[in-house]
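There are 2 protein chains.
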Amino acid sequence: MARVTHDELVFLPLGGSGEIGMNFNAYGYGPPHDRQWIIVDCGVLFGREGNTPGVDLLMPDIRYLVERRENVLAIIATHAHEDHIGAIAPLWPSLRCPVYATPFTARLIAGKLEEAGLSSKVKVKEVPVGGKLTLGPFELDFISITHSILEPNLLAIRTPLGVVAHTGDWKIDPDPMLGEATDTAALEKLGDEGVLALVCDSTNALVPGSSGSEAKVRESLTELIGTLKGRVAVTGFASNVARLDTVARAAKAHGRRVALVGRSMQKMVSAARETGYLKDFPQVLDETDVADMPAHKVLYLCTGSQGEPRAALARIANGSHPHVALAEGDTVIFSSRVIPGNELAIAEIQNQLAARGIALLTAEDHFVHVSGHPCRDELTQMYRWIRPKLALPVHGEMRHQVSHAKLARSLQVPQAMVPENGQMFRLAPGRPELIDEVPSGRIHMDGRILVGEGEGLSKGRRAMAFAGLLVVALVVDQKGRIAAPPVVLGEGMPEPVEDAVLKAVEETLDKNKRSDIDDLAENVRRAARRAAHDAWGKKPVTRVLVSEI
Amino acid sequence: MARVTHDELVFLPLGGSGEIGMNFNAYGYGPPHDRQWIIVDCGVLFGREGNTPGVDLLMPDIRYLVERRENVLAIIATHAHEDHIGAIAPLWPSLRCPVYATPFTARLIAGKLEEAGLSSKVKVKEVPVGGKLTLGPFELDFISITHSILEPNLLAIRTPLGVVAHTGDWKIDPDPMLGEATDTAALEKLGDEGVLALVCDSTNALVPGSSGSEAKVRESLTELIGTLKGRVAVTGFASNVARLDTVARAAKAHGRRVALVGRSMQKMVSAARETGYLKDFPQVLDETDVADMPAHKVLYLCTGSQGEPRAALARIANGSHPHVALAEGDTVIFSSRVIPGNELAIAEIQNQLAARGIALLTAEDHFVHVSGHPCRDELTQMYRWIRPKLALPVHGEMRHQVSHAKLARSLQVPQAMVPENGQMFRLAPGRPELIDEVPSGRIHMDGRILVGEGEGLSKGRRAMAFAGLLVVALVVDQKGRIAAPPVVLGEGMPEPVEDAVLKAVEETLDKNKRSDIDDLAENVRRAARRAAHDAWGKKPVTRVLVSEI
Chain A
376 MARVTHDELV FLPLGGSGEI GMNFNAYGYG PPHDRQWIIV DCGVLFGREG
426 NTPGVDLLMP DIRYLVERRE NVLAIIATHA HEDHIGAIAP LWPSLRCPVY
476 ATPFTARLIA GKLEEAGLSS KVKVKEVPVG GKLTLGPFEL DFISITHSIL
526 EPNLLAIRTP LGVVAHTGDW KIDPDPMLGE ATDTAALEKL GDEGVLALVC
576 DSTNALVPGS SGSEAKVRES LTELIGTLKG RVAVTGFASN VARLDTVARA
626 AKAHGRRVAL VGRSMQKMVS AARETGYLKD FPQVLDETDV ADMPAHKVLY
676 LCTGSQGEPR AALARIANGS HPHVALAEGD TVIFSSRVIP GNELAIAEIQ
726 NQLAARGIAL LTAEDHFVHV SGHPCRDELT QMYRWIRPKL ALPVHGEMRH
776 QVSHAKLARS LQVPQAMVPE NGQMFRLAPG RPELIDEVPS GRIHMDGRIL
826 VGEGEGLSKG RRAMAFAGLL VVALVVDQKG RIAAPPVVLG EGMPEPVEDA
876 VLKAVEETLD KNKRSDIDDL AENVRRAARR AAHDAWGKKP VTRVLVSEI
Chain B
376 MARVTHDELV FLPLGGSGEI GMNFNAYGYG PPHDRQWIIV DCGVLFGREG
426 NTPGVDLLMP DIRYLVERRE NVLAIIATHA HEDHIGAIAP LWPSLRCPVY
476 ATPFTARLIA GKLEEAGLSS KVKVKEVPVG GKLTLGPFEL DFISITHSIL
526 EPNLLAIRTP LGVVAHTGDW KIDPDPMLGE ATDTAALEKL GDEGVLALVC
576 DSTNALVPGS SGSEAKVRES LTELIGTLKG RVAVTGFASN VARLDTVARA
626 AKAHGRRVAL VGRSMQKMVS AARETGYLKD FPQVLDETDV ADMPAHKVLY
676 LCTGSQGEPR AALARIANGS HPHVALAEGD TVIFSSRVIP GNELAIAEIQ
726 NQLAARGIAL LTAEDHFVHV SGHPCRDELT QMYRWIRPKL ALPVHGEMRH
776 QVSHAKLARS LQVPQAMVPE NGQMFRLAPG RPELIDEVPS GRIHMDGRIL
826 VGEGEGLSKG RRAMAFAGLL VVALVVDQKG RIAAPPVVLG EGMPEPVEDA
876 VLKAVEETLD KNKRSDIDDL AENVRRAARR AAHDAWGKKP VTRVLVSEI
């Protein structure tokens, strides 16, 4: 095969395909040996104790682009959710490229860069809402759409070989209450232009119908809050600024003062105000100021809707919050959905609240939330506007992506491919196809250290969580003879296991007096592990430490 | 206060209040110093990696009754679900009392006792369906109700001081398809008699309406399976024998042969047949027999609907099942609900199936399942039948129990109390009240060893999952002087942490040459832990092992 020397447009997702979170998509332009790259979104995934214990954040393994970082023109953020911007600060030092975003998003990224001590090294460049950006061969239009945060953007990515529409996260909210409405004229015009590929959110591809409008939530929440008597606490996603506004207005309508509880509530309201939103948001009080007000005059807006153990609501629920105390007759409204995996943590908090006589209102029983992602009718509408030659469903687990691709085909999109992280697709020239697989995977933020998933640290700890750690300490003299009684530590094991292991180790030492020390240590390791298994039924990770006197 | 010498009737839940699972309820009769006890249900809760890593099963801590075991007359099982019978075999050796159940339940308990090597010591005593049982001062009527398993029973527990109705798990299924219908006449008669207390299932107390009928699922599944072309696999709860029958009949109606895949499917079908059910269940084939049959002639009934990693469906999904292979054009029906906490495990399997082009049909998108627990309309009906003086909601988390109690009050039940495990309530004579709190809690089946939750083994392993285990091995001579270079093991930590710890340990040893060995070890432990924290940001569990030469 002859070496390709002409320009190509390629798409390379390194995160967000096969998972909801950790979005990271790259577009390359140029001949294969000298492509220029832009990165669209650079997000995190939150770790889970069951899968990745001790890991708070997961990020994409982007070594492929790091090796080509002189050709990486920029990171562009579509919007400010953590799964789209959360990895910028941790990964920026290995990329060292410019960062672009619209003002509200830029403000939040700048805050994260500052926390990471990077603000002197990188200034986030602001693109106006509805603005344009030229980066080498790429010309980008920021087209306003709607989502569950301020300033979500669909990017029209123009290149000499054609246009790609990259949706970011979106829904069609005819009445988003805050920020721009969907620029349907721009989307339709983009479709008229002819679009090579639509790279599109798959989160709700299994959900029929439409996600619904924030305006309806406003009506419903306002009415609901009007029926409540005691203190009211509303919890939800702090980044959903329109929702915060909705709740604050509902509070005001019923004579309640609003207190923000939780750092991210305060951070989001500040960021929105500093970028020109929430101009008539009611003056919020400090949580200490409202403590002595009559119950029916108070509304708390709290973090912690996902059961996060350190967030405001968890502390209110277990009675450990320093300033906020709820009691019988008060109400907590969960104006949010349950992110899969958080069911039990949320239930625990709800049980604690219920045990104290606090009423719970949730999306299960009241209309207090709408999703920020497109359901099937909205996806259908987007395909009608854009009419791409190719559908590339991203931002979903496999079953969402597969269902999304099927839906696109049913809408007469000529081609639909389900990308996986690390797969490189040539979008032009010619019929799009998978042309390469590059290294990909996940990086763990383990404590303060970035560790490749492949190093297996978290996996090893998970093995310890299952069966503990068995350690045998041996002492040998310079001739390699055992010089002290063995010491056994069976961490995380019932006591009889340690006793059984010590006996087995002693027997092994007796039987192998003449062995080479490495062989002896290995024999001891095996005997110890076997003895633990016989006594307990589990095979612990087993280590032998040899001290030489 | 004078010593009570007259007879009292008391209720003591030791499991199942505050949790869905691990049901264990005791009723006592007699004067406080000499009560006689019966135990109603003795179940397990399944462990979760995030909360109790390495623990498959949790059981109630029943030390209070073990100390009084000469006065424990019997364990009575209402029905055969694991959360009602799963702890009988593990806990029987500490109780050594008779066990009673109706035939199908008795058959399954006997199988568990046999697996535990106890069949020579205890024979389960059969009570006929609709039968009676006298145990000391207690007279029990087994009243047939409906649930998602064969032979569920409500127990009418008669004593000289009055009658308690203990529902076990139930719903009102007008057409359960297999086994007895709800004996509504008996329930109404019981209500006419006058009932002190209704001890009742709270699982669905937050769900409006009714749970629905198995007959409707049969219609829907039969129609649905008729529309499918390739191989069909249906997964669900093996213990739902009526559902297995439904699926088998639907298969037959559409010319498909049924193969049972997974040990518990086979076990349940055998138990049902041996006790007189499933007389015209189609002849099932072995999974190897159907492998070569045309796809549209095959239906697999599989275990694994909750994402259990070792069950049939997980192995089919990841392509590792020895005999069952599904492919594009085939369909998997999840004829089940998602038990909270299993969302991610199920999603993983569904993603694997979707990635291979296998269609997924679930209760989210098709009518393929009904719950086995009473929704609010059914609870209302039960209170109308029984008309108890007291509602004692059990079998639920706190928010379900609280909501259930509130519903009971709204139905004019004069008194409703939400019991917690370990709380003893006097039901008669006089107005019911909480009279005592006895030791309660959970026991872990950790490997093969029963361990009290309070011993903290699993919790300790969870700490290791978060931050690993740091071990420092020191060697001292007989004068207490360090006799070998220290050895450091940082299990589950990034390499730089181990290096930093070794350096800190060496410095500590240099500085503390004259210390007493216990002080030295403690100084080393602290220095090591601090060094790990400085290098990594986490504080690992740290142990110092001292060998003496």
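Going line by line, the protein sequences match chains A and B. Position 322, counted from 1, in the first sequence is what my numbering calls 697; the numbers after and before it change by one each time, with no gaps. Position 76, counted from 1, in the second sequence is what my numbering calls 451; the numbers after and before it change by one each time, with no gaps. Note that beta-carbon positions come from the ideal geometry of N, C-alpha and C, so glycine has one too. All of these numbers come straight from a predicted model, not from anything done at the bench.
Report task. Run down chain B in chain order and give the residues with a C-beta less than 9 Å from the C-beta of A:W911. Result -> Residue mapping note: residue 911 of chain A aligns to position 536 of the first sequence, counting from 1. Within chain B, the residues near A:W911 are D821, G822, R823 and I824.
Query raised in the report: Any heavy atom of the ligand COA within a distance shorter than 8 Å of the CB on A:V622?
Result: Absence of the ligand COA is noted for the structure shown, with no ligands found whatsoever.
Query raised in the report: Below 9 Å between beta carbons: does that hold for B:A842 and A:G822?
Result: Counting from 1 along the second sequence, the entry for residue 842 of chain B is found at position 467. Counting from 1 along the first sequence, the entry for residue 822 of chain A is found at position 447. Closer than 9 Å, so yes.
Query raised in the report: For A:A805, which of A:L765, A:E830 and A:G827 has the nearest alpha-carbon?
Result: Translated into the one-based positions of the first sequence, residue 805 of chain A becomes position 430. Reading off the sequence shown, one finds Gly at residue 805 of chain A, where the question assumed Ala. The candidate whose alpha carbon is nearest that of A:G805 is A:L765.
Query - Nearest to B:M820 (by Cα), restricted to the options B:M397, B:P388 and B:D909 - result: Start at 1 with the first residue of the second sequence, and residue 820 of chain B comes out as number 445. For B:M820, the nearest C-alpha among the options comes from B:M397.
Report task. For the beta strand (DSSP E) containing B:N528, list its first residue and its last residue. Result -> The sequence position of residue 528 of chain B within the second sequence is 153, counting from 1. N528 to T534 is the span of the beta strand (DSSP E), which, as asked, contains B:N528.
Query - Cβ-Cβ separation, A:L530 to A:M799 (assumed contact under 8 Å), whole Å - result: Against the first sequence, residue 799 of chain A aligns to sequence position 424. Against the first sequence, residue 530 of chain A aligns to sequence position 155. Incorrect: roughly 19 Å between the Cβ atoms, too far for contact.
Query raised in the report: Going by the beta-carbon positions, is the gap between A:L420 and A:L440 smaller than 9 Å?
Result: On the first sequence, position 45 is the one that residue 420 of chain A refers to. On the first sequence, position 65 is the one that residue 440 of chain A refers to. Result no, Cβ atoms of A:L420 and A:L440 do not sit closer than 9 Å.
Query raised in the report: How long is the line joining the alpha carbons of B:A692 and B:I724, rounded to whole angstroms?
Result: If you number the second sequence from 1, residue 692 of chain B lands on position 317. If you number the second sequence from 1, residue 724 of chain B lands on position 349. C-alpha separation (whole angstroms): 6 Å.
Requested in this report: With 9 Å as the threshold, decide whether the Cβ of A:P768 is near any Cβ in chain B.
Outcome: Residue mapping note: residue 768 of chain A aligns to position 393 of the first sequence, counting from 1. Output row for A:P768: interface = no.
Query raised in the report: Do you know how far the Cα of A:D436 is from the Cα of A:W467?
Result: By one-based count along the first sequence, residue 467 of chain A stands at place 92. By one-based count along the first sequence, residue 436 of chain A stands at place 61. Each residue's Cα considered, the two are about 13 Å apart.
Query raised in the report: Which residues mark the beginning and the end of the alpha helix (DSSP H) in which A:T935 is found?
Result: The requested residue 935 of chain A does not occur in the structure, where chain A is confined to residues 376 to 924.
Query raised in the report: Are the C-beta of B:M434 and some C-beta of chain A separated by less than 9 Å?
Result: Reading the second sequence from its first residue, position 59 is the one you call residue 434 of chain B. So, not an interface residue.
Query raised in the report: So, is the C-beta of A:I924 closer than 9 Å to a C-beta in chain B?
Result: One-based indexing of the first sequence puts residue 924 of chain A at position 549. True, the Cβ-Cβ gap to chain B drops below 9 Å.
Report task. For A:F421, go through chain B and note every residue whose CB falls closer than 9 Å to its CB, in chain order. Result -> On the first sequence, residue 421 of chain A is found 46 positions in, with the first residue counted as 1. Correct list: empty, because the minimum Cβ distance to chain B is about 12 Å.
Query raised in the report: How close, in whole Å, do the beta carbons of A:V699 and A:V636 come, if the pair is a contact with beta carbons under 8 Å?
Result: Here residue 699 of chain A refers to the residue found at position 324 of the first sequence. Here residue 636 of chain A refers to the residue found at position 261 of the first sequence. Contact holds; Cβ gap of about 6 Å.
**Report entry** Which residues DSSP lists as bridging A:K500, in chain order
**Finding:** Counted from its first residue, the first sequence places residue 500 of chain A at position 125. Partner(s): A:Y475.
Query raised in the report: Can you tell me where the beta strand (DSSP E) with A:P428 in it begins and where it stops?
Result: Within the first sequence, numbered from 1, the residue matching residue 428 of chain A stands at position 53. Here A:P428 belongs to no beta strand (DSSP E), and DSSP marks it neither H nor E.
Query raised in the report: Which one of B:A875, B:S890 and B:L565 has the shortest CA to CA distance from B:A907?
Result: To locate residue 907 of chain B, count along the second sequence from 1; it is residue 532. Looking at the Cα atoms, B:A875 is the closest of the given residues.
Report task. Can you tell me which of the three DSSP states B:I547 falls into? Result -> Position 172 of the second sequence, counted from the first residue, corresponds to residue 547 of chain B. Correct three-state label for B:I547: coil.
**Report entry** Residue from B:L653, B:Y652 and B:I708 with nearest C-alpha to B:C677
**Finding:** In the second sequence, the residue the question calls residue 677 of chain B occupies position 302. It is B:I708 whose Cα lies nearest to the Cα of B:C677.
Query raised in the report: Does DSSP put B:K888 in a helix, a strand or coil?
Result: By 1-based counting over the second sequence, the position of residue 888 of chain B is 513. Three-state DSSP puts B:K888 in coil, outside helix and strand.
Query raised in the report: So B:A848 is in the beta strand (DSSP E); what residue range does that whole segment cover?
Result: As a first step, residue 848 of chain B must be located in the second sequence, where it is residue number 473. Where B:A848 is concerned, the enclosing beta strand (DSSP E) stretches over L844 to V851.
Report task. Locate the alpha helix (DSSP H) running through A:M799, then write down its first and last residues. Result -> Position 424 of the first sequence, counting from 1, holds the residue named residue 799 of chain A. Not the alpha helix (DSSP H): A:M799 falls in the beta strand (DSSP E), residues Q798 to A803.
Report task. Give the C-beta separation of B:H775 and B:L581 to the nearest angstrom, bearing in mind that I take them to be a contact with Cβ-Cβ under 8 Å. Result -> In the second sequence, residue 775 of chain B corresponds to position 400, counting from 1. In the second sequence, residue 581 of chain B corresponds to position 206, counting from 1. 6 Å between Cβ atoms; contact.
Query raised in the report: Residues of chain A with a CB under 7 Å from the CB of B:L845: which are they?
Result: One-based indexing of the second sequence puts residue 845 of chain B at position 470. Near B:L845 there are no residues of chain A at all, since even the closest Cβ is about 10 Å away, more than 7 Å.
Query - Sequence-distant residues of its chain with Cβ nearer than 7 Å to A:L536 (five each side left out) - result: If you number the first sequence from 1, residue 536 of chain A lands on position 161. Closer than 7 Å at Cβ, skipping near neighbours: D382, L384, A803 and P804.
**Report entry** Closer than 8 Å at the beta carbon, the chain B residues around A:N726
**Finding:** To locate residue 726 of chain A, count along the first sequence from 1; it is residue 351. Within chain B, the residues near A:N726 are G393, E772, M773 and R774.
Query raised in the report: Does the distance from the C-beta atom of A:R631 to that of A:K672 stay below 9 Å?
Result: Stepping through the first sequence from its first residue, residue 631 of chain A is reached at position 256. Stepping through the first sequence from its first residue, residue 672 of chain A is reached at position 297. Result yes, Cβ atoms of A:R631 and A:K672 sit closer than 9 Å.
Report task. Give the C-beta separation of B:T480 and B:A449 to the nearest angstrom, bearing in mind that I take them to be a contact with Cβ-Cβ under 8 Å. Result -> Residue 480 of chain B sits at position 105 when you count from the first residue of the second sequence. Residue 449 of chain B sits at position 74 when you count from the first residue of the second sequence. With 8 Å as the limit, B:T480 and B:A449 do not qualify as a contact, their Cβ atoms being about 14 Å apart.
Query - Selected residue, minimal CA-CA separation from B:H675, among B:S523, B:P869, B:V609 and B:A464 - result: Numbered from its first residue, the second sequence carries residue 675 of chain B at position 300. Reading the sequence as shown, one finds Tyr at residue 675 of chain B and not His. Ranking B:S523, B:P869, B:V609 and B:A464 by Cα distance to B:Y675 puts B:V609 first.
Query - Residue environment, B:D655, which counts as buried when at least 16 other CB atoms sit within 10 Å - result: Here the question's residue 655 of chain B lines up with position 280 in the second sequence. B:D655 is exposed by the Cβ-count criterion.
Requested in this report: Look up A:D811 in the DSSP assignment and give the residues it is bridged to.
Outcome: In the first sequence, counting from the first residue as 1, residue 811 of chain A sits at position 436. A:M799, per the DSSP bridge assignment.
Requested in this report: Pick helix, strand or coil for A:D661, following the three-state DSSP scheme.
Outcome: Here residue 661 of chain A corresponds to residue number 286 of the first sequence, with the count starting at 1. Note: A:D661 maps to coil in three-state DSSP.
Report task. Would you mind giving the Cβ-Cβ distance between B:G418 and B:G461, rounded to the nearest angstrom? I have them listed as a contact below 8 Å. Result -> Taking the second sequence and counting its residues from 1, one reaches residue 418 of chain B at position 43. Taking the second sequence and counting its residues from 1, one reaches residue 461 of chain B at position 86. That pair is a contact at about 5 Å.
Query - Own chain, CB closer than 7 Å to A:E568, minus 5 neighbours either side, in chain order - result: The count along the first sequence starts at 1 and reaches residue 568 of chain A at position 193. Result list for A:E568: V538, in chain order.
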